[in-house]
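All remarks here apply to the structure that follows.
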Amino acid sequence: MSGNNGRSNNGFGNKKNRASGADQYANEGRYLSGNENDPILEIRHLAKSFGNNKVLTDVDFDVYKGDVISVIGASGSGKSTLLRCINLLETPTGGEIIYRGSNVLDRGVNAPKYRAHVGMVFQSFNLFSNMTVLENCVAGQVKVLKRSRNEAKQYALEYLDKVGMAPYIKAKPRQISGGQQQRVAIARALAMDPDLLLFDEPTSALDPETVGEVLTVMQNLAEDGMTMLVVTHEMSFARDVSNQVFFMHEGVIHESGRPAEIFSDPQREETKDFLARFRNN
Ligand SMILES: Nc1ncnc2c1ncn2[C@@H]1O[C@H](COP(=O)(O)OP(=O)(O)OP(=O)(O)O)[C@@H](O)[C@H]1O
Ligand SMILES: [Mg+2]
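Reading the sequence shown from the start, the letters are residues 404 to 684 in the working numbering.
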């Protein structure tokens, strides 16, 4: 696996041209070579079964730097399983997950290190309840990236500031709102210098009044060039922020396209039904 290319890779805080993914998509381009333009992640024929339940059957896509991909689809269609496979929280039963040219399903891959590059933000935040906000953002850096505590603290403070949580560094998770906890979880993932961030319904567990603050942080990340794969029921985010939308149905990406195409002119019956049901809810 190629190493982390350093802080500048992160994108957050540096205005980056995030047209690369969109342009390649517009050109249907898979023709570029050289590191910068190679996909960050290549998913090939990914399959996952739980016993006889085939949850993912044949998932195939690429993620390029700067892509913001929204994954939508009905409950049970395999969205979380897809992200959990990519993050190595589940072991796929078939296919490949190629991160910067190396299959991460090969033996000997260091999962915690890989997860620093391909971070994940969960619906339920998953903060350590016994640690302060600051410590939550420091611990992984020290353990996995072997940063000194001082250095890790500087990174943590920088990203907590970006998500508006700097005033709360001494708080424990239970002392702050769900939206604030989720912003801390995002800062924690950012402090690991990820190449790509996975989000699994990051606003679904939130009180309605705190959804907006998390979506704003995510929109800022996208505008700053962070590469993101976002499972979401927030259709406004999918439509307005992402450059691609994947509609999952029965374990495959049943339809994909630019948001304007998917929302205004879906081609598959199941996509039409899903979006219609959504509008009626
Ligand atoms: N650990 C597991 N063991 C057994 N079955 C599982 C496991 N995880 C997921 N499944 C099954 O896989 C299927 C897809 O689940 P998944 O959580 O990926 O769906 P989803 O698209 O994320 O749905 P939702 O929108 O409700 O979050 C479901 O039938 C679920 O019961
Ligand atoms: Mg899910």
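Heads up, the beta-carbon is just placed ideally off N, CA and C, and yes, glycines get one too.
For residue 492, there is no enclosing alpha helix (DSSP H), since its DSSP letter is neither H nor E.
In the three-state reduction of the DSSP assignment, residue 456 falls in the strand class, which pools E and B. Runs of the beta strand (DSSP E) spanning 3 or more residues and lying entirely within the stretch 458 to 539 occur at 471 to 476, 497 to 502 and 521 to 524, in chain order. Between residue 663 and residue 475, the beta carbon gap of about 14 Å keeps them out of contact (Cβ cut-off 8 Å).
At a Cβ-Cβ threshold of 9 Å, residue 601 and residue 631 count as neighbours. For residue 574, the secondary structure class from DSSP, reduced to helix, strand or coil, is coil. Each of 441, 472 and 486 was checked against the Cα of residue 654, and the nearest Cα belongs to 486. Judged by beta-carbon spacing, residue 525 lies beyond the 9 Å limit of residue 442, meaning their Cβ atoms are not closer than that value. Judged by the Cβ position, residue 496 fails to qualify as a neighbour of ligand 1 at the 8 Å threshold, every heavy atom of the ligand being at least this far. In this structure, ligand 2 has a non-hydrogen atom nearer than 8 Å to the beta-carbon of residue 603.
Annotation: the continuous beta strand (DSSP E) that includes residue 632 extends over 631 to 634.
With three or more CB-CB distances shorter than 8 Å, the stretch 587 to 603 counts as touching the stretch 533 to 542. In this model, residue 595 and residue 534 are separated by some 18 Å (Cα to Cα). Distance between residue 459 and residue 643, taken at the CA atoms: about 27 Å. Taking the CA atoms as reference points, residue 669 sits about 44 Å from residue 571.
Counting of Cβ neighbours within 10 angstroms places residue 658 among the buried residues, the total reaching 16 or more.
C-alpha of residue 577 to C-alpha of residue 613: approximately 15 Å in a straight line. The C-alpha of residue 484 is placed about 21 Å away from the C-alpha of residue 678. Bounds of the alpha helix (DSSP H) holding residue 581 are 581 to 593. If you check the CB distance, residue 473 and residue 619 do not come in under 9 Å. C-alpha of residue 550 to C-alpha of residue 521: approximately 18 Å in a straight line.
CA-to-CA, the gap between residue 598 and residue 448 works out to about 22 Å. Secondary structure at residue 447: strand, using DSSP grouped into helix, strand and coil. Taking the CA atoms as reference points, residue 547 sits about 25 Å from residue 627.
Taking every residue with its beta carbon within less than 5 Å of a heavy atom belonging to ligand 1 gives, in chain order, 453, 458, 478, 479, 480, 481, 482, 483 and 484.
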